[in-house]
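The next block holds one structure in the form of structure tokens; read it before the comments.
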Amino acid sequence: MVKLKIDNYEVEVPAGTSILEAARTVQIDIPTLCKHPDVDPSAGCGICIVKVNGRILRSCCTPVAEGMEIITSDPEIVNVRRTVLELILSNHPNECLTCIRSGHCELQDLSNTFGISQSRLPSLNKKFEKDESTKAIVLDPSKCIVCGRCVEVCQNQQNVWALSYLNRGLATRVTAAGGIPLAESPCIKCGQCSAHCPTGAIVEYDETQKVWAMLNDPELVTVVQIAPAVRVAIGEEFGYDFGENLTGKTYAALRRLGFKKIFDTNFGADLTIIEEASEFVKRFTTAPEQLPLITSCCPAWVDLMEKYHQDMIPHFSTCKSPQAMVGAMAKTYYAEKMGIDPAKIRVISIMPCTAKKWEIVRSEDMKSSGYQDVDVSLTTRELARMIKQSGINFRELAEEEADSPLGEYTGAGTIFGTTGGVMTAALRTAYFYVTGEELENIEFKDIEGLEGIKESEIDIKGNKVRIAVAHGTGNVETVLQKLRDAKANGEELPYHFIEVMACRGGCVAGGGQPRVMMPGQPKPRGITDDIRRKRAQGLLNEDLQAKERRSHHNQSIKTLYAEYLGTPGEGKAHKLLHTHYVARPKYQR
Amino acid sequence: MTEVSLASQVAAKWRKKRGSLIMALHEIQDVKGYVPWEDAYQIAEEMGIPLARIYEVLTFYNFFKLDAPGKAVISVCTGTACYLKGNDKVLEEFKKELNIGEGESTPDRMFHLQCVRCVGCCGLAPVCVVNGKTYGRVTPNDVRNILDEWRSKLDEDKE
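Below you can see the structure in the form of structure tokens.
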């Protein structure tokens, strides 16, 4: 432990702690733009300067030392910070009024905090063309302050290497390799860059206008589904605390927006479990050479696998994601049951995710109903925007229910939104399928939480099932390498079943989730582990309190198989609920 | 095809040495005059370095060229002596005649125009150098002659 003084307060912290972190222990938030808890300090922005024994140093990358006397704020420091901000602003457009990030922007917030009311410096800001090529995320280099958070996250946390720096000095820009459009790069559209961006430089591809047009077309039957992780994050846009589960209010808001039917992606999650658990049991009992089974409901992970881990294609679950399954069911089963022409149905999905926008058009399999199964995928942020536009007083809404039959779900469906949840849900049902008995203890504490790679072993009546859960695509490599090594050496498989979610923490921390700045939230803002935990807890609590916690107990799903699908993995179920994967080049050039 | 590409040879040579990316890229540019996308891609695959990182390096250093330079490289000296003697006007004339900017090549890859700071013969100012041949006391009126001279030379080489 190291003892030092920060603004005359005695502080004792472990050696190696940065001054920035040490100051937080005495309730001092030193402002910074480039240092985010998820990334290593880069000393990029220069805002976090403090005085250490009289010398001005950057607190993010200066470790504490015994006996240091630190001043975090005095007129001189404030002056320097203000100048640094002015320099940053001289290369930033004054477009707050028309910026999607306005009100939630860290740069705007700091600029207000430091009372910058006019620009003394001439603007050097260059207009660049926005990169909208992915149709999932939008990169506007003119608004980029080159803090490097996105690059760090894309390269190291996600290990995708789509984003990089181009050129140097004032000409530095964040782009894909050599300045090519993102769609031609290895970008997996996970949107973690946008979740970590402090400004409006990386945002979601906004499709709310398209949805408004559909809602206002009387010829159409526009229905909606919401993903598990949306319900525990949307509240942040309306002043609720992190992780508050607002399923009922969200349904009510959607109905008021004009959606004809409110469905739930959790229903699709339960359906996915029926298919995936069946697939696992089949491979486990009759085709062990096809093990391990790797989950495939995360589109960013699917994209990554098709580009980087093509040898794993045979291990991928062929099940479509819950989003895709609800889309397919809405335009076939539901349309038939209700006597609606599927050509008139529009399925909108509300997702915590930017990659879901890519998923709905990723292959011909996404048109299994004969039409595009899901028409538009909106992020949580876009839904919040629509609710605000329409003037709905979200906080005062009475809770409502979803519509039958694609709205019913169990606790197993709702935990899909958090790391470990898909595996937990699948094991509950797989156990039943193998043994014909219900699993007693249906929580798997080993695979909850934010450890990057979690492993466990489940006993299914004498059969040991080894599982791994990885989240944050940077952690996947380790798991897959273990697998490859075992295969190469002819050893026993290290795992039978692997769950992967592209974003750290799972969908609750997806690239489409709110980036609201809450008063109590420590700076820098944006997604942090604390928020990830709170949102996950919101889902886990719903599961704990759910009447049914096993997907195979979902009554609507039982009816669906009896009335329409038949046997899991076969016939209609296979045609409508499964997909296939192809090797794709990393670069489209 | 059994022929091993330049990029593959270079990658094989440097693969095992850490921190040798710049050396590898140098070798590509030494032979080709620039680093083509395909070569950078191959280096990435075979040296196990993300292409994004390679382009970070390529665009950080002015030395590396991403496009094929013209066959005749025109170096206009803008050192103090040459500049004072009016080489800025010569440079403008080259830009006008070739319809390209500084550091650019003509679309037919015939000419590349660049500025250099002093070529060591200030007595001849203002000076231009084309592929090693030095032209002294150049005036804007000479520009067209110099270009014609190199056009016919390059045409001959082609035949």
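Residue numbers (this note's numbering), protein chains in the order written: chain B, 1188 to 1776; chain P, 1257 to 1415. Virtual Cβ for every residue (Gly too), placed ideally from N, Cα, C.
Using the DSSP secondary-structure output, state which residues sit across from residue i in a beta bridge.
i, result
"B/HIS1767", "Looking at the DSSP assignment, B/HIS1767 forms no beta bridge with any residue, so it has no partner."
"B/ASN1650", "B/ILE1647"
"B/LEU1244", "B/VAL1237"
"B/LYS1190", "B/GLU1199"
"B/MET1502", "A small correction: the amino acid at residue 1502 of chain B is His; Met does not occupy that position in the sequence shown. Note: B/HIS1502 sits in no beta bridge, so no partner."
"B/LYS1131", "No answer is possible for residue 1131 of chain B: it lies beyond the span of chain B, which begins at 1188 and ends at 1776."
"B/LEU1670", "None, per the DSSP bridge assignment."
"B/HIS1739", "Answer is none; B/HIS1739 lacks a bridge partner."
"B/PHE1450", "B/GLN1412"
"B/VAL1325", "B/VAL1390"
"B/MET1538", "B/THR1566"
At the level of alpha carbons, what is the spacing between residue i and residue j?
i, j, result
"B/GLN1497", "P/GLU1302", "17 angstroms"
"B/VAL1513", "B/ASN1312", "45 angstroms"
"B/GLY1302", "B/LEU1272", "11 angstroms"
"B/SER1306", "B/ASN1278", "11 angstroms"
"B/LEU1593", "B/VAL1411", "10 angstroms"
"P/MET1257", "P/SER1264", "Note on P/MET1257: pLDDT 45, under 50, position unreliable in the model; the coordinate value appears next. For P/MET1257 and P/SER1264, the distance between alpha carbons rounds to 13 angstroms."
"B/ASP1716", "B/ALA1589", "31 angstroms"
"P/TRP1293", "B/THR1434", "50 angstroms"
"B/ASP1404", "B/ILE1449", "17 angstroms"
"B/HIS1291", "B/PHE1446", "28 angstroms"
"B/LYS1507", "B/ASP1490", "13 angstroms"
"B/ARG1572", "B/PRO1224", "28 angstroms"
"B/VAL1347", "P/LEU1403", "47 angstroms"
"B/VAL1652", "B/GLU1644", "6 angstroms"
"B/MET1704", "B/SER1381", "15 angstroms"
"P/GLN1370", "B/LYS1222", "40 angstroms"
"P/ARG1309", "B/ASP1552", "35 angstroms"
Three-state secondary structure (DSSP) at residue i?
i, result
"P/GLN1370", "strand"
"B/ALA1530", "helix"
"B/ALA1382", "helix"
"B/GLU1406", "coil"
"B/GLU1686", "strand"
"B/GLU1391", "strand"
"B/HIS1496", "coil"
"P/MET1257", "Model confidence at P/MET1257 stands at a pLDDT of 45, short of 50, so the residue's coordinates are unreliable; what they give is reported in the following sentence. Of the three classes helix, strand and coil, the one that applies to P/MET1257 here is coil, per DSSP."
"B/PRO1250", "strand"
"B/GLU1256", "strand"
"B/HIS1761", "helix"
"B/ALA1655", "strand"
"B/THR1566", "strand"
"P/ALA1328", "strand"
"B/CYS1694", "helix"
"B/GLU1642", "strand"
"B/VAL1663", "helix"
"B/ARG1360", "strand"
"B/LEU1350", "strand"
"P/VAL1383", "coil"
"B/ILE1481", "strand"
"P/CYS1333", "strand"
"B/THR1519", "helix"
"B/THR1270", "helix"
"P/LYS1389", "strand"
"B/SER1298", "helix"
"B/SER1310", "coil"
"B/SER1289", "coil"
Does the Cβ of residue i have 16 or more other Cβ atoms within 10 Å, making it buried, or fewer, making it exposed?
i, result
"B/VAL1548", "exposed"
"B/GLY1779", "Because residue 1779 of chain B is not part of the residues shown, which for chain B are 1188 to 1776, the question remains open."
"P/TYR1297", "buried"
"B/MET1188", "exposed"
"B/ILE1243", "exposed"
"B/PRO1706", "exposed"
"P/ASP1295", "buried"
"P/LYS1408", "Contrary to the premise, residue 1408 of chain P reads as Ser rather than Lys in this sequence. Its Cβ having fewer than 16 others within 10 Å, P/SER1408 is exposed."
"B/ARG1355", "exposed"
"B/ALA1472", "Checking the sequence shown, residue 1472 of chain B turns out to be Thr, not Ala. Looking at its Cβ environment, which holds fewer than 16 other Cβ atoms inside 10 Å, B/THR1472 is exposed."
"P/TYR1311", "buried"
"B/GLU1576", "The displayed chain sequence assigns Gln, not Glu, to residue 1576 of chain B. That one is exposed."
"P/PHE1319", "exposed"
"P/TYR1317", "exposed"
Does the Cβ of residue i lie closer than 7 angstroms to at least one heavy atom of the ligand MN?
i, result
"B/ASN1312", "Annotation note on the ligand MN: not contained in the displayed structure, which lists no ligands."
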